[in-house]
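For reference, the structure discussed in these notes is given below.
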Ligand code: GDP
Ligand code: ZN
């Protein structure tokens, strides 16, 4: 284990709450808390046994004034979250109490933890690998049970184990090639080539099966960005409200929501959906409205799915057609809204072919819409278990490793020297190691942890 300084942070969100948690990790964690913690039993915290909890008071070091009534837990290295000595102070949740305790911990010699630094230490100390560390953010961000299950499986090392098995196999192949190259005999060489080919094919198959559901895994992790588009008054906001009312499971605001674009989370039978209601898309001279329209266009570019809405009680006009032209590069579903009113559409337009008839106000057709979304992205059923690959970084590393393996196979087919093949194999080995963090550069690792929150 490396030797780091002692860090501390408030691990619970800011604001008032029943309790809050202050985490301290590092060699001096126990000594530091000992200085300011008076145990109710009269015992000395420094002498307490590992993995025990103690009730008492945190005092201001200099004056001896009581700051708060607390419970203190002690986890001894290496059996702790960071694999270092960890002390956790559970105090009253409130701005003053947590601030003052943290301040005392700093005065005694700890330094404020950077975002994700506790988890980073768990990684640097070898308790978890990078994919497991990344899963910690995913668990915190999970919006549906499905997202949670996928993140939990990754944090338990499911993907990491698969990757390690493949990498071990690659190492064996490399060793085998090395022996063959050192003792060149014709028949040995062709036997090795044959064996390497079989193994490489097997690994390609494995990687491709991991990649197969990675698109769905990403949706489960990040949410399906679904934009409701259509000109003003077709019923976009009504649809958003109807969908939200039926699926109250997630009701949090998406950060960055503007006045002109509303974003809401929605749990559609386990699929996390980020539903985006755009301001009407149309040409406008009004500056304020213009900004809203520009944002709407941008949202269309970013969308995984567009719900394009038409008002069925009016004929299609140029404004509708203008929006249609923007949908060429999107996956979309056409919704014909206001089925409760008289139908005035001309069904000749090809875009209306697979359209779904709905009423945003009375809920007609909404279940068909949900079914269509599941068919489009999950072949109709969201898997009950977890998805192996949900992270773009992992997906890219797998794809690169796969390409290198295919290069190796091509080289074998072209009767290239075995040491040429071994270069491709070791490249694949290295790409796969990026997933677990074995072969990733330090600055990239830092970047990953900077996305964490402070206190995790
Ligand atoms: P947006 O501008 O596209 O967001 O449209 P809104 O959701 O604000 O709806 C515009 C108007 O159409 C409102 O008066 C809604 O009540 C009405 N509306 C929306 N959906 C339906 C529907 O299915 N049937 C009927 N009759 N009116 C609807
Ligand atoms: Zn609206």
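Residue numbers (my numbering): 6 to 461.
Yeah, the Cβ is synthetic: ideal placement off N, Cα and C, and Gly gets one too.
In whole angstroms, what separates the C-alpha of residue i from that of residue j?
i           : j           : result
residue 379 : residue 231 : 13 Å
residue 199 : residue 403 : 24 Å
residue 207 : residue 169 : 15 Å
residue 418 : residue 173 : 23 Å
residue 51  : residue 39  : 6 Å
residue 322 : residue 332 : 16 Å
residue 370 : residue 312 : 13 Å
residue 473 : residue 343 : Given that the chain is displayed from residue 6 to residue 461, the structure contains no residue 473 and the question cannot be resolved.
residue 81  : residue 211 : 40 Å
With C-beta atoms as the reference, is residue i less than 8 Å away from residue j?
i           : j           : result
residue 339 : residue 326 : no
residue 90  : residue 34  : yes
residue 151 : residue 387 : yes
residue 220 : residue 277 : no
residue 328 : residue 234 : yes
residue 110 : residue 27  : yes
residue 346 : residue 361 : no
residue 392 : residue 155 : yes
residue 315 : residue 239 : yes
residue 139 : residue 453 : yes
residue 13  : residue 127 : no
residue 59  : residue 77  : yes
residue 444 : residue 134 : no
Quick check on residue i: buried or exposed, where buried means 16 or more other Cβ atoms within 10 Å of its Cβ?
i           : result
residue 336 : exposed
residue 187 : exposed
residue 57  : exposed
residue 330 : exposed
residue 309 : buried
residue 10  : exposed
residue 269 : buried
residue 437 : buried
residue 103 : buried
I want to check one thing, is the minimum distance from the CB of residue i to the heavy atoms of the ligand GDP below 7 Å?
i           : result
residue 131 : no
residue 346 : yes
residue 304 : no
residue 364 : yes
residue 242 : yes
residue 370 : no
residue 281 : no
residue 385 : no
residue 239 : yes
residue 98  : no
Cβ of residue i versus every heavy atom of the ligand ZN: is any distance shorter than 7 Å?
i           : result
residue 343 : no
residue 325 : no
residue 316 : no
Entirely enclosed beta strand (DSSP E) segments - the segment 74 to 134, minimum 3 residues = 91 to 98
query = Which ranges would you report for the alpha helix (DSSP H) in the segment 191 to 238 if only whole runs of at least 4 residues count?
reply = You should have 191 to 217, 219 to 227.
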